[in-house]
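Peer 1: Please read through the structure below; I'll follow up with questions.
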Amino acid sequence: MNKKIQLAGLALLFTPTAFAQQTAIDSTTTTPIDTTATLKEQTLSNVTVTARAATVRTLAGAINGKDILRDELFKAACCNLGESFVNNPSVDVNYSDATTGAKQVKLLGLSGTYVQMLTENLPNFRGAALPYGLGYVPGNWMKSMQVSKGNSSVKNGYEAMTGQINVEYIKPEDETGMSVNLYGSTMGKFEANADGNIHINGNKNLSTELLAHFENNWSRHDGNGDGFQDDPQVRQYNLQNRWYWKTGNYMLHAGLSLLKEDRMSGQVSHHASLMPAMTTPYRINIATDRYEAYMKHALILNPEHGTNIALMGNVSMHKQDAQYGIKQYFVNEKNAYASLIFETNFTPEHNLSAGLSLNHDYLHQRLTLPTGYNPSDYGNLYPMTRGI
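In this note's numbering, the protein residues as written are 817 to 1204.
This is the structure in structure tokens:
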């Protein structure tokens, strides 16, 4: 075996020089003339080989899962979570209501409540927040996404029927820095994003971060001339403050966020062939206020085997006051989630996760109809009040 290797090395060292035979044509006699063989070999002074890490990788522990990194998100000029899947075939996003701009995620052919949305491995954007939740996560805030198709683990909640989508925000403990992003379009949309973090007294183990987002789409665009807006007018303010603290084997992540959004859509003008001019145009106005708080405690018992105990939880309050034509709809939803988890690794291939989880929902909704309409005509789906 050693002799074969040495011969191969000699063959590489003494490779015959490549020559090419050229043929020229004499312009006076049109007779082909053989020219001297020309040396085609070139010597390079140096060669630099570079590599780039993959932007999408297989999600560890998932049979059909993908981990979408920040570099992959940079490929699309996305403005929020719903638009970040444009260049990624893992997830289908479509409009459930194009008039109001409501979007839904589809995995394995099913959408809506069958797909569980997570932020920092905590259930989020449930219930009343589901139709517009994909627009509540600005693209500049995201560090990575994990997409898992099929039946997922109940470790982060039991509501995943066709898959889970988890969003990881940029971390306070990352390298300090600040960034500002501005965006504008000829369609009348403006967006501003800013994020920055600091290490308190230069200590990375005590860090804080501030994330800010503003967008305003003031244009009433009606490209096909049917009298209805093609896109809703959206004005959104989004602010989040996050903290990180580590001492010994104990770690804490905590944060607060608030969101205020006004969404307007509907008719911009009457279509003479469809509706009399004296009829009030059909307008949609949706005002949303959302407040969130979360915390994650972790105590590492044995770093070698990954043994730890974690207590995680979040609370949210979502208020929405909407008007659809002559109807008024109000919803007030409060949610609290807590999870206590114990984890340990026996071997690299075998691990144990056990714990308890608690989820509490409070939902109050009201549909108000104008005087003269019978609430029973609408099926009594919600508690109704007659009269405005």
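Cβ atoms here follow ideal geometry from the backbone N, Cα and C, with glycine treated the same way.
(1) Where do the N-terminal and C-terminal ends of the beta strand (DSSP E) with residue 1163 fall, by residue?
(2) Residues in its own chain within less than 8 Å of residue 907 by CB, not counting five upstream and five downstream?
(3) Based on the DSSP secondary-structure assignment, which residues constitute the bridge partners of residue 1055?
(4) Any idea if residue 1162 is buried or exposed, counting beta-carbon neighbours within 10 angstroms, 16 or more meaning buried?
(5) Going by beta carbon distance, what residues of the same chain come within less than 6 Å of residue 1058, once the five residues before and after it are set aside?
(6) Restricting to Cα atoms, I'd like to know which of 897, 1131, 915 and 860 is closest to residue 1102.
(7) Assign residue 899 to one of three DSSP states: helix, strand, or coil.
(8) Just reading off the beta strand (DSSP E) that residue 1007 is part of, what are its end residues?
(9) Who are the near neighbours of residue 1039 in its chain, counting only those whose CB is closer than 7 Å to its CB and skipping five residues on each side?
(10) Can you tell me the Cα-Cα spacing of residue 1123 and residue 1037, whole angstroms?
(11) Between which two residues does the beta strand (DSSP E) harbouring residue 1134 extend?
(12) Could you tell me the boundaries of the beta strand (DSSP E) in which residue 984 lies?
(13) Which one or two residues does DSSP pair with residue 910 in a beta bridge?
(14) To the nearest whole angstrom, what separates the beta carbons of residue 1084 and residue 1109, a pair I think is in contact under 8 Å?
(15) Using a threshold of 8 Å, state whether the C-beta atoms of residue 1153 and residue 938 are closer than that.
(16) In the structure shown, what three-state DSSP assignment does residue 1020 receive?
(17) So the candidates are 1134, 1016 and 1079; which of them puts its Cα closest to the Cα of residue 1106?
(18) Nearest-angstrom Cα distance between residue 1186 and residue 1142?
(19) Helix, strand or coil for residue 1178? Go by DSSP, reduced to three states.
(20) In terms of DSSP beta bridges, what is residue 1108 paired with?
(21) If you run the structure through DSSP and keep just helix, strand and coil, what is residue 957?
Peer 2: This is what the structure holds:
(1) Position 347 of the sequence shown holds residue 1163. First-last of the beta strand (DSSP E) with residue 1163: 1143-1163.
(2) Numbered from its first residue, the sequence shown carries residue 907 at position 91. Cβ within range, chain order: 901, 921, 922, 923, 963 and 981.
(3) Indexing the sequence shown from 1 puts residue 1055 at position 239. Partner(s): 1028 and 1074.
(4) Numbered from its first residue, the sequence shown carries residue 1162 at position 346. Answer is exposed; the Cβ neighbour count stays below 16.
(5) Counting from 1 along the sequence shown, the entry for residue 1058 is found at position 242. Closer than 6 Å at the Cβ level, and outside the excluded window around residue 1058, lie 988, 1025 and 1071.
(6) Taking the sequence shown and counting its residues from 1, one reaches residue 1102 at position 286. Closest by alpha carbon: 915.
(7) For this step, residue 899 is matched to residue 83 along the sequence shown. Helix.
(8) Here residue 1007 is taken as the residue at index 191 of the sequence shown, counted from 1. Per DSSP, residue 1007 belongs to the beta strand (DSSP E) from 1005-1015.
(9) In the sequence shown, the residue the question calls residue 1039 occupies position 223. Cβ neighbours of residue 1039 beyond the five flanking positions: 1046.
(10) Within the sequence shown, residue 1123 is the residue found at index 307, counting from 1. Within the sequence shown, residue 1037 is the residue found at index 221, counting from 1. If you take the alpha carbons of residue 1123 and residue 1037, they lie about 56 Å apart.
(11) Here the question's residue 1134 lines up with position 318 in the sequence shown. Its beta strand (DSSP E) spans residues 1123-1140.
(12) Position 168 of the sequence shown, counted from the start, is the residue given in the question as residue 984. Residue 984 -> beta strand (DSSP E) spans 979-985.
(13) As a first step, residue 910 is located in the sequence shown; it is residue number 94 there, counting from the start. According to DSSP, residue 910 bridges with 920.
(14) Residue numbering aside, residue 1084 sits at position 268 when the sequence shown is read from its first letter. Residue numbering aside, residue 1109 sits at position 293 when the sequence shown is read from its first letter. In fact, because the Cβ distance is near 39 Å, the residues do not count as touching under 8 Å.
(15) Working through the sequence shown from its first residue, we reach residue 1153 at position 337. Working through the sequence shown from its first residue, we reach residue 938 at position 122. In contact: residue 1153 and residue 938 (Cβ atoms closer than 8 Å).
(16) Counting from 1 along the sequence shown, the entry for residue 1020 is found at position 204. Three-state DSSP puts residue 1020 in coil, outside helix and strand.
(17) By one-based count along the sequence shown, residue 1106 stands at place 290. Ranking 1134, 1016 and 1079 by Cα distance to residue 1106 puts 1134 first.
(18) Along the sequence shown, one-based indexing puts residue 1186 at 370. Along the sequence shown, one-based indexing puts residue 1142 at 326. Going from the Cα of residue 1186 to the Cα of residue 1142 covers about 7 Å.
(19) Indexing the sequence shown from 1 puts residue 1178 at position 362. Strand, per DSSP.
(20) On the sequence shown, position 292 is the one that residue 1108 refers to. In the DSSP output, where bridge partners are listed per residue, residue 1108 has 1073 and 1132.
(21) Taking the first residue of the sequence shown as position 1, residue 957 is located at position 141. Residue state, collapsed to three classes: helix.
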